[in-house]
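Engineer: Under this note's numbering, residues 112 to 890 are what the sequence shown spells out, in order.
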Amino acid sequence: MADQEKDLYYVEGIPIPETPLPGERPKPWKATRIIGKAVPRVDAYERVSGSAVYTADIVLPNMLYGAILRCPHANARVKKIDSGRAKKMPGVHALISSDTPEGDVPWTYGGRGSKFKTKIFDPLCRFEGETVAAVAAKTPYQAWDAVRAINVDYEVLPFVSDERSALNKGAPAVHKKGNRLMRPQVYKRGDVAQGFADADVVLEQNYRTECEVHTPMEPHGCVANWEGDHLTIWESTQGVYRVQSSVADILGLPLSKVRVIGHYMGGAFGSKLQPGKYTIIAAILARITGRPVKMILSREETYLATGNRPPANMTLKAGIKKDGTLTALDFTCVGTGGAYPAGGTSGVDWQVRDLYTCPNVRTTSTDVYINAGPARPFRAPGHPQGSWALEHMMDALAKAINTDPVDLRLKNIPLYSQARDGQPPYTTTGLKACLEEGARAFGWKKARERIAKAGNEGPLRRGVGMASGLWRAGGGRPPSTIILKLFSDGSVNLNMGASDIGTGTKTVMALVVAEELGVKLEAIHIEHADTGTTQYATSSGGSKTVPTESPAVRAAAVSVKQQLLEIAAGDLKVDQATLSFEGGSIVSRNDPSKKVRITKLSGLRKRGVVVGIGYRGPNPEGKVTNPFATQFCEVEVDTRTGEVRILRFLGAHDSGRVMSRLTYDNQVFGGITMGIGFALTEARILDGNHTGKMVNRNWYDYKIPTALDVPESMVSLPIEINDTEANTTGAKGLGEPVTIPTAAAVANAIYHATGIRVTTTPINPVQLCRLLAEQRKEG
Ligand code: MOS
Numbered sequence: 112m113a114d115q116e117k118d119l120y121y122v123e124g125i126p127i128p129e130t131p132l133p134g135e136r137p138k139p140w141k142a143t144r145i146i147g148k149a150v151p152r153v154d155a156y157e158r159v160s161g162s163a164v165y166t167a168d169i170v171l172p173n174m175l176y177g178a179i180l181r182c183p184h185a186n187a188r189v190k191k192i193d194s195g196r197a198k199k200m201p202g203v204h205a206l207i208s209s210d211t212p213e214g215d216v217p218w219t220y221g222g223r224g225s226k227f228k229t230k231i232f233d234p235l236c237r238f239e240g241e242t243v244a245a246v247a248a249k250t251p252y253q254a255w256d257a258v259r260a261i262n263v264d265y266e267v268l269p270f271v272s273d274e275r276s277a278l279n280k281g282a283p284a285v286h287k288k289g290n291r292l293m294r295p296q297v298y299k300r301g302d303v304a305q306g307f308a309d310a311d312v313v314l315e316q317n318y319r320t321e322c323e324v325h326t327p328m329e330p331h332g333c334v335a336n337w338e339g340d341h342l343t344i345w346e347s348t349q350g351v352y353r354v355q356s357s358v359a360d361i362l363g364l365p366l367s368k369v370r371v372i373g374h375y376m377g378g379a380f381g382s383k384l385q386p387g388k389y390t391i392i393a394a395i396l397a398r399i400t401g402r403p404v405k406m407i408l409s410r411e412e413t414y415l416a417t418g419n420r421p422p423a424n425m426t427l428k429a430g431i432k433k434d435g436t437l438t439a440l441d442f443t444c445v446g447t448g449g450a451y452p453a454g455g456t457s458g459v460d461w462q463v464r465d466l467y468t469c470p471n472v473r474t475t476s477t478d479v480y481i482n483a484g485p486a487r488p489f490r491a492p493g494h495p496q497g498s499w500a501l502e503h504m505m506d507a508l509a510k511a512i513n514t515d516p517v518d519l520r521l522k523n524i525p526l527y528s529q530a531r532d533g534q535p536p537y538t539t540t541g542l543k544a545c546l547e548e549g550a551r552a553f554g555w556k557k558a559r560e561r562i563a564k565a566g567n568e569g570p571l572r573r574g575v576g577m578a579s580g581l582w583r584a585g586g587g588r589p590p591s592t593i594i595l596k597l598f599s600d601g602s603v604n605l606n607m608g609a610s611d612i613g614t615g616t617k618t619v620m621a622l623v624v625a626e627e628l629g630v631k632l633e634a635i636h637i638e639h640a641d642t643g644t645t646q647y648a649t650s651s652g653g654s655k656t657v658p659t660e661s662p663a664v665r666a667a668a669v670s671v672k673q674q675l676l677e678i679a680a681g682d683l684k685v686d687q688a689t690l691s692f693e694g695g696s697i698v699s700r701n702d703p704s705k706k707v708r709i710t711k712l713s714g715l716r717k718r719g720v721v722v723g724i725g726y727r728g729p730n731p732e733g734k735v736t737n738p739f740a741t742q743f744c745e746v747e748v749d750t751r752t753g754e755v756r757i758l759r760f761l762g763a764h765d766s767g768r769v770m771s772r773l774t775y776d777n778q779v780f781g782g783i784t785m786g787i788g789f790a791l792t793e794a795r796i797l798d799g800n801h802t803g804k805m806v807n808r809n810w811y812d813y814k815i816p817t818a819l820d821v822p823e824s825m826v827s828l829p830i831e832i833n834d835t836e837a838n839t840t841g842a843k844g845l846g847e848p849v850t851i852p853t854a855a856a857v858a859n860a861i862y863h864a865t866g867i868r869v870t871t872t873p874i875n876p877v878q879l880c881r882l883l884a885e886q887r888k889e890g
């Protein structure tokens, strides 16, 4: 039995990659055996069968349920809290608020750059959904009953819910110092006035994108459990270490006393990069009651209090020469992160600054406060908003100089980052290939000819549109530490602190291990996202998870291989440099009779396990790694109803190496789907006239695209440029660039179909019918 060989190795075909000497950088993979292939996710069965344990599935003995009373007003001061009746209700174990000593806990809104220190329960509630009190009870129903039985005397205050009027004289002040977050942020290069003077054509246009809410399938939530002075939190999060440090900081605990676990999660899109107040509240309630407390937010709570992609009001003035050379871009943006510092305008100007070659650029960003829930990073923060303006404008410029929109972009492709200090070159710029190969695969020219020939006169009008983008972050970065254990039967355990936020991170990392060691995917088990048992990792976000973690995984696998070769050299009494891997064996290249099964290696049998540790190496100095994208779509507009049907979409993406073809395509389709929602249907609607409250805080009234709203034909076209500098796997990051140009591509297709430039999202039938009616009147 002990010697029975399990078939854990691939034996056929492509050799296991060469093992670099210690300290040497692994060479880029050439032909790969499994990297880039379309293999099902390693946890597919768990996910579809319901056996995957999400935070909401955690049930502990004696567990209580938490619920939060949230301010029902856009702006109000809590004058008095009467919780006498609530406390005596059946099942209630604890109640905390600003009136109870246990509720007196610090909280900070905002992050780098701008911070606002407040309390978990601040009597001044600056947005609807702000926390007022919380209850722990035996059942969720009892908790909610008790929350409803708390009587609060509010002084309802005037509110401002529209960032466009927040700086008006007499606008209600969200904060004592007024509604201006900071001085307008100005970026400048070259001479904009000269650029406009040099232009043959100058266009100027206002644009607006509405506030979009993350609405992940799985709501935010946690379970908190104390054992003595040690706190364990199960949290639906993108980063367990980020939650650990925040919780330890707020509750005054050493990091070693806070364990955060976040195994499966059902989406986040940036809204779960940070812990919420609910996490701290659950921990406090658990401490008071001496019992575990589960706190899962309702859908409505997530709409109000767990972030959003804030609205953007943009103006773009652009100058261009007849030959397509951009001469000047002048961009302004007024935005808001809501009631607290939350990056209301951050990232919005980046496409304008950096996507196309332009010597003269100025951007001015003004961030103001309004009485609404704070924003949070949302899939490529700022970028889809800025893309809406810039890519609309590029389409209009192309029309103005009578050039094809693809050709205009091809004319202005940068090979270095113009907006960064020192203007460092990109490790690779795939924008040209995205445009050319994407246009070819989509049939761009033919489609335009076909539509022009058909005349496009009837009530159903066809149009094609395209847009490009780049993602400012991406490329990944240190640190990451990975531990890989090769057991005596050849099976492998991979230990990684990073979360798989639904994107397929675990699958990608398993593929890296399988590629390097030649073991089958079934022989690999991954332990991840647990501060108690796995290595430090930064949060999964910024499209940097794969480019950050995969090189560390590769390094850990290489370390295992080096150790195995060393043991084999001893066992076979040959020089280590002459040995290679072959299936599940190590063999001498000089003498094929010198061969040993990995599982028979003396050192492995003696120790029981070989442990490899891998670190993420540094990024190349003086260079930038950015993913690039171009998307194309065809639409049909019903000019009688204002309905838009998207017939097909193609995403051409330069994200470096395709690590896993299925998860790659999943990201492309998901990003396009999300972008379609941003373009056509999604908008947080605040009742600005009467209450300031959000009126569409549920999945009926806030429309996200379903399977019926996306085109049948979605094509993912990877533009695989071998990036040998970015990192040792060549991945550049994909999750965010896939949603940057989508909405603008849709808008440009609608223009092509109708001749109407819809400059404000969402392009819903109400808006489109109005614009079509105006067009008929003018026509
Ligand atoms: Mo992302 S917005 O970094 O999850």
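Don't be surprised by glycine CBs; every beta carbon is placed ideally from N, CA and C.
Identify every run of the alpha helix (DSSP H) within the segment 419-504, keeping only runs that are complete inside it and at least 4 residues long; order them along the chain.
Structural biologist: DSSP runs (the alpha helix (DSSP H)) wholly in the segment 419-504: 461-465.
Engineer: Looking at Asp441 and Arg473, is the spacing between their C-beta atoms short of 8 Å?
Structural biologist: Here residue 473 is taken as the residue at index 362 of the sequence shown, counted from 1. Here residue 441 is taken as the residue at index 330 of the sequence shown, counted from 1. Contact: yes.
Engineer: Taking DSSP's pairing of strands, which residues face Thr390 in a bridge?
Structural biologist: The residue labelled residue 390 in the question sits at position 279 within the sequence shown. None, per the DSSP bridge assignment.
Engineer: For the alpha helix (DSSP H) that contains Asn777, what are its first and last residues?
Structural biologist: On the sequence shown, residue 777 is found 666 positions in, with the first residue counted as 1. Arg772 to Leu791 is the extent of the alpha helix (DSSP H) around Asn777.
Engineer: Out of Pro151, Leu408, Met293 and Gly134, point me to the one whose CA is closest to Thr166's CA.
Structural biologist: Here residue 166 refers to the residue found at position 55 when the sequence shown is read from its first residue. Per the Cα distances, Leu408.
Engineer: With a CB to CB cut of under 7 Å and the five nearest residues on each side skipped, what residues in its chain are close to Ala634?
Structural biologist: Your numbering for residue 634 matches position 523 in the sequence shown. Correct list, in chain order: Leu119, Gly601, Ser602 and Val603.
Engineer: When the Cα of Pro608 is compared with those of Pro731, Leu683, Tyr726 and Glu568, which residue comes out closest?
Structural biologist: Position 497 of the sequence shown, counted from the start, is the residue given in the question as residue 608. Here residue 608 is Gly; the residue named in the question, Pro, does not match the sequence. It is Tyr726 whose Cα lies nearest to the Cα of Gly608.
Engineer: Using the DSSP secondary-structure output, state which residues sit across from Trp345 in a beta bridge.
Structural biologist: Looking up residue 345 in the sequence shown gives position 234. Per DSSP, Val334 and Ile372.
Engineer: Between which residues of its own chain and Ser697 is the CB-CB distance below 6 Å, once the five residues before and five after are set aside?
Structural biologist: Taking the sequence shown and counting its residues from 1, the one referred to as residue 697 is at position 586. In the sequence on display, residue 697 carries Ile and not Ser. Once the five neighbours on either side are set aside, the close Cβ partners of Ile697 are Ala679, Leu690 and Val707.
Engineer: Pull up the distance between the alpha-carbon of Gly387 and that of Thr219, whole angstroms please.
Structural biologist: Position 276 of the sequence shown, counted from the first residue, corresponds to residue 387. Position 108 of the sequence shown, counted from the first residue, corresponds to residue 219. Approximately 10 Å between the Cα atoms of the pair.
Engineer: Is the beta carbon of Lys428 less than 8 Å from the beta carbon of Val313?
Structural biologist: Looking up residue 428 in the sequence shown gives position 317. Looking up residue 313 in the sequence shown gives position 202. Yes, the Cβ-Cβ distance between Lys428 and Val313 is below 8 Å.
Engineer: Taking 7 Å as the line, does the beta carbon of Pro422 fall inside it for any heavy atom of the ligand MOS?
Structural biologist: The count along the sequence shown starts at 1 and reaches residue 422 at position 311. No, the Cβ of Pro422 stays beyond 7 Å of every heavy atom of the ligand MOS.
Engineer: Can you give the beta carbon distance from Val303 to Asn523, rounded, assuming they're within the 8 Å contact cut?
Structural biologist: Mapped onto the sequence shown, residue 303 falls at position 192. Mapped onto the sequence shown, residue 523 falls at position 412. Between Asn523 and Val303 the Cβ distance is about 17 Å, and since that is not below 8 Å, they are no contact.
Engineer: Entirely within the segment 530-600 and at least 4 residues each: give me those alpha helix (DSSP H) ranges in chain order.
Structural biologist: You should have 542-553 and 555-565.
Engineer: Heavy atom of the ligand MOS less than 7 Å from the Cβ of Gln462, yes or no?
Structural biologist: If you number the sequence shown from 1, residue 462 lands on position 351. No, Cβ of Gln462 sits at least 7 Å from all heavy atoms of the ligand MOS.
Engineer: What separation, rounded to the nearest whole angstrom, lies between the Cα atoms of Ala668 and Gly454?
Structural biologist: Here residue 668 corresponds to residue number 557 of the sequence shown, with the count starting at 1. Here residue 454 corresponds to residue number 343 of the sequence shown, with the count starting at 1. Whole-angstrom Cα-Cα distance: 39 Å.
Engineer: Starting from Ala794, follow the beta strand (DSSP E) in both directions and report where the run begins and ends.
Structural biologist: Here residue 794 is taken as the residue at index 683 of the sequence shown, counted from 1. Unbroken run through Ala794: none, as it is neither H nor E.
Engineer: Among all the DSSP beta bridges, which residues are the ones paired with Gln742?
Structural biologist: As a position in the sequence shown, residue 742 is number 631, starting the count at 1. In DSSP, Gln742 forms a bridge with Ala578 and Gly762.
Engineer: Please list the terminal residues of the continuous beta strand (DSSP E) segment that includes Leu180.
Structural biologist: Position 69 of the sequence shown, counted from the start, is the residue given in the question as residue 180. Run containing Leu180: Leu175 to Arg181, per the beta strand (DSSP E) assignment.
Engineer: If you follow the beta strand (DSSP E) that Leu605 is in, where does it begin and where does it stop?
Structural biologist: Position 494 of the sequence shown, counted from the start, is the residue given in the question as residue 605. Residues Val603 to Met607.
Engineer: Which residues in the same chain as Tyr121 place their Cβ atom closer than 6 Å to its Cβ, once the five residues preceding and following it in sequence are excluded?
Structural biologist: Mapped onto the sequence shown, residue 121 falls at position 10. Cβ neighbours of Tyr121 beyond the five flanking positions: Gly629.
Engineer: Look up Asn800 in the DSSP assignment and give the residues it is bridged to.
Structural biologist: As a first step, residue 800 is located in the sequence shown; it is residue number 689 there, counting from the start. In the DSSP output, where bridge partners are listed per residue, Asn800 has none listed.
Engineer: Tell me which same chain residues have a C-beta within less than 6 Å of the C-beta of Arg420, skipping the five on either side of it?
Structural biologist: Residue numbering aside, residue 420 sits at position 309 when the sequence shown is read from its first letter. So the qualifying residues of the chain are Glu323 and Phe489.
Engineer: Exposed or buried, Leu366, counting other C-beta atoms within 10 Å across all chains shown (16 or more means buried)?
Structural biologist: Counting from one through the sequence shown, the residue named residue 366 turns up at place 255. Exposed.
Engineer: Just checking my contact of Asp765 with Gly541 at CB under 8 Å: how many whole Å lie between their CB atoms?
Structural biologist: Position 654 of the sequence shown, counting from 1, holds the residue named residue 765. Position 430 of the sequence shown, counting from 1, holds the residue named residue 541. About 2 Å separates the two Cβ atoms, so the contact holds.
Engineer: How is the alpha helix (DSSP H) around Glu157 delimited, first residue to last?
Structural biologist: Counting from 1 along the sequence shown, the entry for residue 157 is found at position 46. Its alpha helix (DSSP H) spans residues Ala155 to Ser160.
Engineer: Is Ala453 near the ligand MOS - that is, is its Cβ less than 7 Å away from at least one heavy atom of it?
Structural biologist: Your numbering for residue 453 matches position 342 in the sequence shown. For the ligand MOS, not one heavy atom lies less than 7 Å from the Cβ of Ala453.
Engineer: Enumerate in chain order the residues of its own chain whose CB-to-CB distance from His341 is below 6 Å, with the five nearest sequence positions on each side excluded.
Structural biologist: Position 230 of the sequence shown holds residue 341. Counting only Cβ-Cβ distances below 6 Å, and skipping sequence neighbours, we find Lys368.
Engineer: Quick check for students: name the residue ranges of the beta strand (DSSP E) that lie wholly in the segment 204-237, counting only runs of 3 or more.
Structural biologist: Counting whole runs of 3 or more residues, the segment 204-237 contains the beta strand (DSSP E) stretches 217-221 and 226-230.
Engineer: Please classify Gly714: does DSSP put it in a helix, a strand, or coil?
Structural biologist: Position 603 of the sequence shown, counted from the start, is the residue given in the question as residue 714. Three-state result, Gly714: helix.
Engineer: In or out: Ala565 buried (at least 16 other Cβ within 10 Å) or exposed?
Structural biologist: By 1-based counting over the sequence shown, the position of residue 565 is 454. Answer is exposed; the Cβ neighbour count stays below 16.
Engineer: Near Arg487, what residues of its chain come up, given a Cβ to Cβ distance below 8 Å and the 5 sequence neighbours on each side ignored?
Structural biologist: Counting from 1 along the sequence shown, the entry for residue 487 is found at position 376. Here the set comprises His325, Gly381, Ser382, Leu384, Gln385, Thr417, Gly418, Asn419 and Ala453.
Engineer: Since I believe Val445 is in contact with Glu274 (beta carbons under 8 Å), could you give me their beta-carbon distance rounded to a whole number of angstroms?
Structural biologist: As a working note, residue 274 is residue 163 in the sequence shown. As a working note, residue 445 is residue 334 in the sequence shown. Yes, they are in contact, since the Cβ atoms of Glu274 and Val445 sit about 6 Å apart, within 8 Å.
Engineer: Quick check: what's the CA-CA separation for Asp702 versus Lys684?
Structural biologist: The residue labelled residue 702 in the question sits at position 591 within the sequence shown. The residue labelled residue 684 in the question sits at position 573 within the sequence shown. Going from the Cα of Asp702 to the Cα of Lys684 covers about 12 Å.
Engineer: Rank Ala439, Val459 and Leu758 by C-alpha distance to the C-alpha of Gly448 and give the top, closest one.
Structural biologist: The residue you call residue 448 lines up with position 337 of the sequence shown. Among Ala439, Val459 and Leu758, the Cα nearest to that of Gly448 is on Val459.
Engineer: Where does Ser476 land, buried or exposed, given buried means 16+ other C-beta within 10 angstroms?
Structural biologist: Walking along the sequence shown from the start, residue 476 turns up at place 365. Ser476 should be labelled buried.
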